[in-house]
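In my numbering, the protein residues as written are 1099 to 1282.
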C-alpha cells in the first residue's frame, strides 16, 4: 500500500516536445526550399504589369524586360528606354543582336518542352486517341520570348521591341500580365 501511495504522489512527466520540434523544423525547411519554384514569372519591383483574365500560365522562355529606364534581356541591360523611344527605325539592331545571342537558350527550353509534350502524346496515342494534328504542330515550334513591360510604357516602344524580336527569329511573343479573377 505504501508503494502505491508513493507512486500516486509523484508528478506525471511533461510532454516531450523534441519530436514535435523536429517535424516543424523539417516542414519549415521544406516550405522554404519549395517556395522559390513557382510556375509563374516573377516580375521585378520596377515593373508594374497590366491586368488580364488569361487562363494559361506562361512557359519558361527567354525573358525581355522593358522598364522606365532600360531594356533588359535575361537581366542584362541592352539599351535605355529613352534611346529606344527616340530611335526612328522599327527594328532596333541592338535588341535584335542580343535576342540572336539568346536563341540557344530558347531552343534548349523548347526542346525540353518538346520532349515532355512527345511523352504526353505517346501516352495519349497508346490510349487510342488521334493525335496526328497535335504531333505535326509540335514539330514546328519556333523559339519564344516573354516580354515583361511596365503598363505605362508606350505601345510604340513595345512595337519596336516586338519587331526586333520577330526579326531575330522569335515568332512566338508573349506579353506578361497579372492574372486577375475572370469576369464571369
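A virtual CB, placed ideally from N, CA and C, is assigned to each residue, including glycine.
Quiz item: Cβ of residue 1274 within 7 Å of any heavy atom in the ligand GDP?
Solution: Summarising the ligand content, the structure contains no ligands, and the ligand GDP is consequently not present.
Quiz item: Under 8 Å, do residue 1255 and residue 1182 count as touching if we go by C-beta distance?
Solution: Your numbering for residue 1255 matches position 157 in the chain shown. Your numbering for residue 1182 matches position 84 in the chain shown. Between residue 1255 and residue 1182, the C-beta spacing is below 8 Å.
Quiz item: Count the other CB atoms within 10 Å of the CB of residue 1187; is the residue buried (16 or more) or exposed (fewer)?
Solution: Translated into positions along the chain shown, residue 1187 becomes position 89. With a 10 Å radius around the Cβ and a threshold of 16 neighbouring Cβ atoms, residue 1187 comes out exposed.
Quiz item: Leaving out five residues before and five after residue 1166 in sequence, what residues of the same chain have Cβ atoms less than 8 Å from its Cβ?
Solution: The count along the chain shown starts at 1 and reaches residue 1166 at position 68. Answer for residue 1166: 1144, 1179, 1248, 1250, 1251, listed in chain order.
Quiz item: DSSP on residue 1180, reduced to helix/strand/coil?
Solution: In the chain shown, counting from the first residue as 1, residue 1180 sits at position 82. In this structure, residue 1180 counts as helix in the three-state DSSP scheme.
Quiz prompt | CB contact flag (residue 1197, residue 1164, <8 Å) | solution = On the chain shown, position 99 is the one that residue 1197 refers to. On the chain shown, position 66 is the one that residue 1164 refers to. Not closer than 8 Å, so no.
Self-check item: Beta-carbon proximity of residue 1193 to residue 1262, cut-off 8 Å
Solution: Stepping through the chain shown from its first residue, residue 1193 is reached at position 95. Stepping through the chain shown from its first residue, residue 1262 is reached at position 164. Yes. Within cutoff.
Exercise. From the DSSP output, read off the bridge partner residues of residue 1242.
Key: Within the chain shown, numbered from 1, the residue matching residue 1242 stands at position 144. When beta bridges are read from the DSSP output, residue 1242 appears opposite 1270.
Quiz item: If you count every other CB in all the chains shown that lies within 10 Å of the CB of residue 1258, and 16 or more means buried, which is it?
Solution: As a working mapping, residue 1258 is identified with position 160 in the chain shown. By the neighbour-count rule (16 or more Cβ atoms within 10 Å), residue 1258 is buried.
Quiz item: Looking at the unbroken beta strand (DSSP E) that takes in residue 1163, where does it start and where does it end?
Solution: Numbered from 1 along the chain shown, position 65 holds the residue referred to as residue 1163. Unbroken beta strand (DSSP E) run through residue 1163: 1160-1164.
Practice problem: Tell me whether residue 1241 is buried or exposed, calling it buried when 16 or more other Cβ atoms sit within 10 Å of its Cβ. | Solution: Position 143 of the chain shown holds residue 1241. The residue is buried, with at least 16 neighbouring Cβ atoms inside 10 Å.
Quiz item: Measuring CA to CA, which of 1119, 1176, 1253, 1129 is closest to residue 1199?
Solution: For the purposes of this step, residue 1199 is taken as the residue at position 101 of the chain shown. When 1119, 1176, 1253, 1129 are compared, the shortest CA-CA separation from residue 1199 is found for 1176.
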